[in-house]
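Take any residue in the sequence shown, note its place counting from 1, add 18, and you have its number in our numbering.
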Amino acid sequence: MKSKAALLRQLFLRPGIIRLVGAHDALGAQLAERAGFDGVWSSGLEISASYGVPDAGILTMSEYLAAAESMADAVNIPIVADCDTGYGNSNNVIHMVRKFEATDIAAVCIEDKLFPKVNSFVPGRQELAPIAEFVGKIVAAKNAQRDPDTMVIARVEALIAGLGQAEALKRAHAYVEAGADAILIHHNTSSAQPIIDFARGWKVNVPLVVVPTTYYTITAKELEDLGIKMVIYANHGLRASINAVLDVYAEILQTQSTASVEKRLAPMKLVFELQGMPQLKRNEEIYLRSGVAPTRAIIPAAGDHLDEYSMKDIAADIPMAMLDVNGKPLLQRQREVLNLSGVRELIAVGGYRREKITVDGIKLLENHLWESTGEMASILVGDIEQKYAGRTLISYSDILFDKDALNRLLSCEEDIVLLVDTSFGSHRHVPHQEVDRRLDLVRLADSEALQARRNMNWGDQSRVLKIGKHIQVPDAHGEFTGLALFSAKGWKLLREVYETSKRRYGDAQFHEAPTFSKASLTDLVQELIDQGHTVSCIQVTSGWMEIHSFEDYKLACKLVAR
Ligand code: SPV
Ligand code: MG
19 MKSKAALLRQ LFLRPGIIRL VGAHDALGAQ LAERAGFDGV WSSGLEISAS YGVPDAGILT
79 MSEYLAAAES MADAVNIPIV ADCDTGYGNS NNVIHMVRKF EATDIAAVCI EDKLFPKVNS
139 FVPGRQELAP IAEFVGKIVA AKNAQRDPDT MVIARVEALI AGLGQAEALK RAHAYVEAGA
199 DAILIHHNTS SAQPIIDFAR GWKVNVPLVV VPTTYYTITA KELEDLGIKM VIYANHGLRA
259 SINAVLDVYA EILQTQSTAS VEKRLAPMKL VFELQGMPQL KRNEEIYLRS GVAPTRAIIP
319 AAGDHLDEYS MKDIAADIPM AMLDVNGKPL LQRQREVLNL SGVRELIAVG GYRREKITVD
379 GIKLLENHLW ESTGEMASIL VGDIEQKYAG RTLISYSDIL FDKDALNRLL SCEEDIVLLV
439 DTSFGSHRHV PHQEVDRRLD LVRLADSEAL QARRNMNWGD QSRVLKIGKH IQVPDAHGEF
499 TGLALFSAKG WKLLREVYET SKRRYGDAQF HEAPTFSKAS LTDLVQELID QGHTVSCIQV
559 TSGWMEIHSF EDYKLACKLV AR
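Pasting the structure below:
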C-alpha cells in the first residue's frame with residue numbers, strides 16, 4: 019500500500035487545486051473523506067479546542083501527534099499536520115518529524131512564529147522568529163525525514179504580523195532555499211488582496227498553500243487561477259458542529275423532548291457505519307465461525323444468453339460464468355470475492371454447456387430443463403438444502419463485484435435486500451438499451467430524500483416499489499445489480515410465493531415472463547412486493563459491473579487485476 023506521503027505527492031502532481039478540510043479526530047477525518055476532500059488538515063486550533071484550551075502552544079506534541087495519528091488511521095486520504103512552531107527548537111523539530119512520519123502523516127507544516135505561538139486570528143502578540151532560526155528548523159526537518167515523499171511545508175506569518183509583502187516574500191524565498199516543499203502564506207483579514215499580490219509575485223516553482231478563513235468569499239477556482247496549489251478550510255467542521263450542537267441542545271431544553279430535532283440528527287446507522295460496525299460484523303462472520311448464521315451463494319448459470327448478448331463470438335460456446343476475464347473465469351472471480359467475505363458455500367446451477375463449468379470450490383448442479391425454464395427455476399435447483407438455516411445470496415453469473423459492494427449487502431439485516439446501483443443514469447450502456455439487453459431497473463420509496471443525500475454516498479437503504487425491464491429510464495431510481503440477499507425467513511417467503519404463484523399462474527404470463535416457468539428472480543421479487551412484502555435495497559454507486567456487451571468485456575479486462 020502506498021504511504022500517505024506518496025498519495026499527497028501524487029495530488030501535487032495532478033492538475034488542479036488540492037482541497038483539505040480541518041479536523042481534530044478520526045471522526046472528523048472520516049467525514050472529510052466521505053464528503054470528498056483530498057486530504058485532512060490536522061488543525062492545531064481544532065485539537066486545542068477539543069481539549070478546551072487556547073490554541074497557544076498549551077498542549078504538547080504528544081497530544082497533537084495522537085490526534086493526527088487517529089486521523090491517519092481512520093482514512094485513506096493524506097493528513098497534513100499543523101505542527102505549530104515545531105514544539106521547540108531544531109532538535110524538537112527533528113524528533114517531531116520522526117514521530118509524525120512514523121504515524122503515516124503525509125506532511126508536517128511549521129510556522130515561523132516564536133514559541134509559544136498564538137493562533138493567527140488572535141489580535142496582539144504575533145511575534146516572528148528570526149529568519150535564520152526558522153531556516154535552521156526547515157533544514158533540520160528535511161534532513162530528519164526518512165521517507166523521501168514526506169513534505170515539509172513552511173508557513174509564512176509575515177502578513178499576519180503586519181510586516182508586509184516584501185518581508186513575506188523574503189521569508190518565503192529563504193524557506194524554499196532551505197528545502198521547504200511548499201509555502202503556506204497565511205493572512206488574517208477579509209480582503210484576499212494581500213494573498214492575490216503574494217501569489218502574483220511568486221515566481222518560484224514551489225507550490226503555494228492558503229487558508230482562506232477570513233477572506234472566505236474567494237473560490238477554489240479563483241485560487242487555482244492564481245496558481246495556488248492547495249487550499250485548507252482549516253476549522254469549518256469544528257465551527258459547523260458547534261453551532262449545530264448548540265441549536266439542538268437549546269431546542270431539546272425548550273421543547274422538553276427530542277422529537278423536533280430528530281430529523282436533523284444523523285441516523286444511528288450512519289454512526290455505526292462510521293465506526294466500522296458493518297466490517298466488524300463481516301469479520302465476525304469470517305473469523306468467529308460460531309453463532310452467526312452462515313451465508314450460502316446460489317449462482318444461476320444455466321442460460322445460453324445467445325440472443326441477448328452482443329458478444330456472441332466470445333461467449334458462444336461457453337456459459338457466461340466461464341468467460342475468461344484477464345486469465346480467470348468470471349465464476350472464479352466471484353468465488354474469490356465471496357470467499358474473502360466469508361461466503362464459502364457456493365452453488366452454481368448450470369445448463370447450457372454445463373460440462374464447461376469447472377471452478378474449484380463451487381458445487382455444480384444442473385437445471386436439466388434450462389431451455390424451457392427461467393432463472394428462478396435454476397435458482398431453486400440450487401436450493402438443495404431447502405430448510406437452510408442461514409442466509410442465501412443470489413449472484414447473477416454475468417457480473418463482477420468487489421468486496422466493498424458485497425460487504426455492504428452482507429451487512430444488511432433485512433429479510434430481502436437487493437443491491438441497487440443509483441448511478442445507473444450516467445452508466446454508459448444506458449443509451450444502447452435498445453440494442454443491448456434491457457436493464458433491470460427499480461423504483462424506490464423515498465427516492466427524493468435519498469436523492470438529496472446521494473452525494474454523500476451514505477449507503478442509504480430504501481424500499482423497492484417496482485422492478486423490471488419495463489421501467490423506463492426516466493422513471494427509474496436505480497439498476498438492480500444482480501446481487502440479492504435473503505434471510506432464512508426471506509428465503510422461506512420466496513419459496514412460498516413461488517409455489518403459490520406456480521399453482522395460480524400455471525402457463526400464463528407472470529409479470530415479465532411469458533409463462534410462469536420462465537420466471538426470473540425479478541418477477542418473483544415483484545410478486546413479493548405486490549403481495550405486500552417488504553423488499554429492501556441498499557444503494558451503491560460503484561463496485562460492480564455486468565458483462566453484457568463486448569464493450570463491457572473489454573472494460574472488465576482493463577479493470578480487474580490479473
Ligand atoms: C489551525 O487550524 O490550527 C491553523 C490555521 O493553524 S489558523 O487557525 O488559520 O491559524
Ligand atoms: Mg494552527
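The beta carbon of each residue, even a glycine, is placed where N, CA and C say it ideally should be.
The Cβ-Cβ distance between Glu240 and Asp165 does not fall below 7 angstroms.
Ala124 is positioned such that its CB atom lies closer than 7 angstroms to that of Pro96. Per DSSP, Cys101 lies in no beta strand (DSSP E) and is assigned neither H nor E. The beta carbons of Ala200 and Pro225 sit about 5 angstroms from each other, so the pair counts as a contact at 8 angstroms.
Taking C-beta atoms as the reference points, Gly486 and Thr410 fail to come closer than 7 angstroms. DSSP, reduced to helix, strand and coil, places Phe55 outside both helices and strands of the structure shown, so it counts as coil.
Between Ser413 and Leu501, the beta carbon gap of about 6 angstroms places them in contact (Cβ cut-off 8 angstroms). In the three-state DSSP reduction, Ala315 falls in the strand class (E or B). Taking C-beta atoms as the reference points, Ala319 and Ala339 count as a pair closer than 7 angstroms. Take the alpha-carbon of Lys281 and the one of Asp439: they are about 26 angstroms apart. Sequence-distant partners of Ala190 (beyond 5 residues in either direction) whose C-beta falls short of 6 angstroms from its own C-beta, in its chain, are Val174, Ile201. Sorted by position in the chain, Ser61, Gly62, Leu63, Asp73, Asp100, Asp102, Asn137 make up the residues whose C-beta lies under 7 angstroms from a heavy atom of the ligand MG. Under the DSSP assignment, Thr518 falls in the alpha helix (DSSP H) whose first and last residues are 506-523.
In the DSSP assignment, Ile250 is bridged to Leu38. Of the residues assessed, Thr168 falls on the buried side of the cut-off, its CB having 16 or more other CB atoms within 10 angstroms.
Spanning the alpha carbons of Lys536 and Ser390 requires a straight line of approximately 7 angstroms.
The ligand SPV has no heavy atom closer than 6 angstroms to the beta-carbon of Val515.
Ile112 is a Cβ neighbour of Ala158, given a cutoff of 7 angstroms. Each residue's CA atom was taken as its position, placing Glu517 and Tyr406 some 17 angstroms apart. A contact between stretches requires three or more CB pairs, one per stretch, nearer than 8 angstroms, and the stretch 91-107 meets this requirement with the stretch 43-62. Distances between the C-beta of Thr231 and the heavy atoms of the ligand SPV include at least one below 6 angstroms. With at least 16 other beta carbons inside 10 angstroms of its own, Lys155 counts as buried. For Lys572, the enclosing alpha helix (DSSP H) starts and ends at 568-577.
A residue is called buried when at least 16 other Cβ atoms come within 10 angstroms of its Cβ; His386 does not meet this threshold and is exposed.
Not one heavy atom of the ligand SPV is found less than 6 angstroms from the C-beta of Ala179.
Sequence-distant partners of Lys576 (beyond 5 residues in either direction) whose C-beta falls short of 7 angstroms from its own C-beta are missing from its chain. For Pro347, the three-state secondary structure derived from DSSP is strand. Counting only residues of its own chain and dropping the five nearest sequence neighbours on each side, Gln479 has a CB closer than 6 angstroms to the CB of Ser554, Ile556. The straight-line gap separating the alpha-carbon atoms of Leu187 and Lys160 is approximately 21 angstroms.
Rounded to the nearest whole angstrom, the CA to CA distance from Phe30 to Ile171 is 13 angstroms. Looking from the CA of Arg27, the closest CA among Val39, Asp56, Gly40 belongs to Asp56. Here DSSP, grouped into helix, strand and coil, assigns Met563 to strand.
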